[in-house]
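Asker: Just add 102 to wherever you are in the sequence shown, counting from 1, and you've got the numbering used here.
The structure under discussion is supplied below as structure tokens; questions concerning it will follow.
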Amino acid sequence: MKRTGGSGMSAALILACLFATTMLLTLVMGARVYRGVQARVEASAEGRVGLAYITAKVHGNDHAGGISVQDFGGVDAVVLAQDYDGERYVTALYVYDGQLMELFCSDLDAFTPAEGTPIAPAQGLQAEQSDGVLTLTYVDASGSERYACIAMRSEEDSSADE
């Protein structure tokens, strides 16, 4: 009797095992690459979310006298003023204790920075307002500085249109 099928079967089994091992290694390497890309995307988004939050709030509150920069408990705060039913309320945006914070109240002097609501991890915020431009320097949780210059449209001279 001849045994010709045994070597062919062994070769097929070796090729199947080699294929399975290659596929497994490809999946493991792909998962590592995916985790790396995902971590970079999350870090990038985390760095942008705080400054984007502040600028969106400022744009949404851009009316005459609605935006100011104040010292709030020793930190710079972007203060947005609104009137609700004839009463004045403010929203303060500031960085305190490693967090971008937001505080909504009727009297800012009655509160401390610790009483705000955390929005995103951050290390610092510097704000300046001059000539209708709000300049922000935001330091995210990783220490990267991000900048924004926002032109206040409400501060423009409305008499020029007449």
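Virtual Cβ for every residue (Gly too), placed ideally from N, Cα, C.
Bear in mind that the values here come from a model prediction, so they are computed numbers and not experimental data.
#1: Please go through the same chain and pick out, in chain order, the residues whose beta-carbon is closer than 8 Å to the beta-carbon of ALA224, but skip the five residues on each side of it.
#2: Suppose only complete runs of 3+ residues qualify. What are the beta strand (DSSP E) ranges in the segment 157 to 243, listed by chain order?
#3: Under a Cβ-count criterion, where at least 16 other Cβ atoms within 10 Å of its own Cβ denotes burial, should ILE116 be classed as buried or exposed?
#4: DSSP puts ALA253 in a beta bridge; with which residues?
#5: Taking only the alpha-carbon atoms, compute the straight-line gap between ARG137 and VAL160 and give it to the nearest angstrom.
#6: Pick out whichever of ALA113, THR157, GLY175 and GLU144 has its Cα sitting closest to the Cα of LEU236.
#7: So that I know if they touch, is there some Cβ in chain C lying closer than 8 Å to that of ALA212?
#8: Taking 8 Å as the cut-off, decide whether the C-beta atoms of ALA183 and GLY162 are in contact.
#9: Of the residues VAL130, THR128 and VAL180, which one's Cα is nearest the Cα of ASP164?
#10: Taking LEU210 as the reference, which of LEU227, ILE221, PRO220 and ARG190 has the closest Cα?
#11: In whole angstroms, what separates the C-alpha of SER256 from that of ALA222?
Answerer: The relevant details are as follows:
#1: Here residue 224 corresponds to residue number 122 of the sequence shown, with the count starting at 1. Correct list, in chain order: GLY152, VAL197, GLY200, GLN201, LEU202, TYR240, VAL241, ASP242 and ALA243.
#2: Complete beta strand (DSSP E) runs here, min 3: 169 to 174, 177 to 186, 189 to 198, 201 to 207, 219 to 232 and 235 to 242.
#3: As a first step, residue 116 is located in the sequence shown; it is residue number 14 there, counting from the start. So ILE116 ends up on the exposed side.
#4: As a first step, residue 253 must be located in the sequence shown, where it is residue number 151. Answer is VAL235.
#5: Within the sequence shown, residue 137 is the residue found at index 35, counting from 1. Within the sequence shown, residue 160 is the residue found at index 58, counting from 1. It is roughly 35 Å from the alpha-carbon of ARG137 to the alpha-carbon of VAL160.
#6: Here the question's residue 236 lines up with position 134 in the sequence shown. Here the closest residue by C-alpha is THR157.
#7: Of the protein chains in the structure, only one exists, and it is not chain C.
#8: Position 81 of the sequence shown holds residue 183. Position 60 of the sequence shown holds residue 162. Against a cut-off of 8 Å, the Cβ pair of GLY162 and ALA183 comes out as no contact.
#9: The residue given as residue 164 occupies position 62 in the sequence shown. Per the Cα distances, VAL180.
#10: Taking the sequence shown and counting its residues from 1, the one referred to as residue 210 is at position 108. LEU210 has its Cα closest to that of ARG190, out of LEU227, ILE221, PRO220 and ARG190.
#11: Stepping through the sequence shown from its first residue, residue 256 is reached at position 154. Stepping through the sequence shown from its first residue, residue 222 is reached at position 120. About 28 Å.
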